[in-house]
Amino acid sequence: MGHRLEDVGGYTFDQVELFLGAAARIEKEDARLGMIVARGSQADEKGFKRLMKEFS
Numbered sequence: 001m002g003h004r005l006e007d008v009g010g011y012t013f014d015q016v017e018l019f020l021g022a023a024a025r026i027e028k029e030d031a032r033l034g035m036i037v038a039r040g041s042q043a044d045e046k047g048f049k050r051l052m053k054e055f056s
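Quick note, the sequence shown lines up with residues 1 to 56 if you use this note's numbering.
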């Protein structure tokens, strides 16, 4: 995520909480995208178009 271990080691508690919150949001979005891809790969054309409409 662009943060070196040496940098994180010097963060304040508040900075660590912000960093972990951002990391959790990124992981959640990555998981959501993975679920969309997995579901879309199993759908027929009509189902895929409906799925894309739901998430756009």
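By construction, the Cβ of each residue, glycine as well, lies at the ideal position given by its N, Cα and C atoms.
query	result
Do you know how far the Cα of Glu27 is from the Cα of Gly40?	20 angstroms
May I ask which residues mark the beginning and end of the alpha helix (DSSP H) holding Ala22?	13-42
Roughly how many whole angstroms lie between the Cα atoms of Gly10 and Leu20?	15 angstroms
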